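*Asks:* The sequence shown begins at 136 in my numbering and counts up by one.
Glycine residues also receive a C-beta, built at the ideal position from the N, C-alpha and C atoms.
Every value quoted in this text rests on a predicted model; they were computed, and no experiment measured them.
Take a look at the following structure, please.
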Amino acid sequence: MTKIIFPKSLKTGDKIAVISPAGAVETSQLAKGIEMIKSKGYEPVLGEHLYTKFSNGYNYAGTEQERIKDINWALNDNEISAVWASRGGYGCQHLIQDLNLKNFTKNPKWYIGYSDNTVIQSFLLKKGFASIHGQTIKTSSFGVTEESYDLIFDVLKGKALKYSLKSHQFNKQGNTEGELIGGNLALVYALLGTKYSFDFKDKILFIEDIGENFYALDRMIMSLELAGVFNKISGLIIGGMTNMGDEKENKQYEESFDEFAYKLISERIAKYNFPVVFGFPNGHIKDNRPLIIGGNLKLEIKDKVKIEF
């Protein structure tokens, strides 16, 4: 088993790179987040193509070459102590074949993001490095709680994460411990069968998603089953399932923890014996509390849920 490396804790004055590895952003969308980094005592350093725009069927933050240049700079520059994605969207898959960790391996740093950034985090974990699955710099249209960001800064300072949650009707009780993997379900699904896919053996899998029709959600869960994922993992945590189903029938962002989506997942995994948590506050939701991909997680599910890294 590869020992997972945690990047060193940040100290006041350290530099945090802000890059756009996927979708395009406006300066107004990042202003609050960049000021927040300053207010916490760190120095934000903006990627050369942070605000670049390139359209090719989707509004990307620059060409593939421009986005690759920025992420490789951020990962390998020895003056940078952490890398924070501006947003997700689509485009991170374009980068992973060209990621360079030459200096990163000597000076590992936290990579922070979620959604499409799941691809980058899977790549880093395959190389033996932990990352933070948490809120991006861009504030989502449904807002972000202060705690969502504060807990990320706690991790950057070396503090451990502990969560206590209310029980959910679909939870499956039990205790387990293992390395946390996963992120956005669509990306976990998209990586299946590639050399960049997560290693599921004896791991605790986290999934969340947004804007998927129920048949698409079922297809992704079925693909995980057909790939043998549920025979390998030791536990499952399901986060936000936001704006799921037919958009004509659902108001956007009306429900972050879609009960029908949860019911669908629960029925698909009913025959498996690993413990399961529904409703963890992480994903495309306002209360988006960070998780550590690659972190050793202790999971206890009884009348309440306890999660501890």
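1) Beta-carbon separation of isoleucine 139 and glycine 429 under 8 Å?
2) What are the complete alpha helix (DSSP H) segments, minimum 4 residues, inside the segment 160 to 213?
3) Which residue's Cα is closest to the Cα of tryptophan 219: Leu165, Gly197, Gly263, Tyr195?
4) Which class does lysine 255 belong to by DSSP, given the choice of helix, strand or coil?
5) Tell me which residues share the same chain as leucine 327 and place their Cβ nearer than 7 Å to its Cβ, disregarding the 5 neighbours each side in the sequence.
6) Buried or exposed: which applies to glutamate 347, given that a residue is buried once 16 or more other Cβ atoms fall within 10 Å of its Cβ?
7) Let me know if serine 221 comes out buried or exposed under the rule of 16 or more other beta-carbons within 10 Å of its beta-carbon.
8) Is DSSP giving valine 412 helix, strand or coil here?
9) Assuming methionine 357 is part of the alpha helix (DSSP H), what are its boundary residues?
10) Per DSSP, what kind of secondary structure is lysine 386 in: helix, strand or coil?
11) Is isoleucine 231 helix, strand or coil by DSSP?
12) Serine 369: which of Lys173, Ile172, Ile316 sits nearest, CA to CA?
13) Helix, strand or coil for serine 283 per DSSP?
14) Please classify asparagine 423: does DSSP put it in a helix, a strand, or coil?
15) I'd like to check one pair, valine 153 with proline 179: are the Cβ atoms closer than 8 Å?
16) Would you report the Cα separation of glutamate 282 and glycine 418, rounded to the nearest angstrom?
17) Measuring alpha carbon to alpha carbon, tell me which of Ile356, Pro425, Ser144 ends up nearest tyrosine 298.
18) Just verifying my parser: in three-state terms, what is the DSSP assignment at lysine 321?
19) Do aspartate 149 and glycine 182 come within 8 Å of each other at the CB atom, strictly closer than that value?
20) DSSP state of lysine 398, grouped into three classes?
21) If the criterion is Cβ atoms closer than 8 Å, does the pair proline 416 and asparagine 408 meet it?
22) Below 8 Å, how does it come out for the segment 192 to 211 and the segment 233 to 244: are there three or more Cβ pairs, yes or no?
23) Please say whether tyrosine 397 and methionine 376 have beta carbons closer to each other than 8 Å?
*Replies:* Let me spell this out:
1) yes
2) 162 to 174, 199 to 211
3) Leu165
4) Checking the sequence, you will find isoleucine at residue 255 rather than lysine. Three-state result, isoleucine 255: helix.
5) Excluding residues within five positions, the ones whose Cβ falls inside 7 Å are Ser358, Ala362.
6) buried
7) buried
8) strand
9) 349 to 361
10) Reliability of the predicted coordinates at lysine 386 is poor, the pLDDT of 48 falling under 50, and the value obtained from them is presented with this limitation in mind. Looking at lysine 386 - three-state DSSP - the assignment turns out to be coil, as it is neither helix nor strand.
11) In this structure, isoleucine 231 counts as helix in the three-state DSSP scheme.
12) Ile316
13) helix
14) coil
15) yes
16) 14 Å
17) Pro425
18) The amino acid at residue 321 is misidentified as lysine; the sequence shows alanine. Residue state, collapsed to three classes: helix.
19) no
20) Under the three-state reduction of DSSP output, lysine 398 falls in the helix class.
21) In this structure, the beta-carbon distance from proline 416 to asparagine 408 does not fall below 8 Å.
22) The segment 192 to 211, when compared against the segment 233 to 244, does touch it at the 8 Å Cβ threshold.
23) yes
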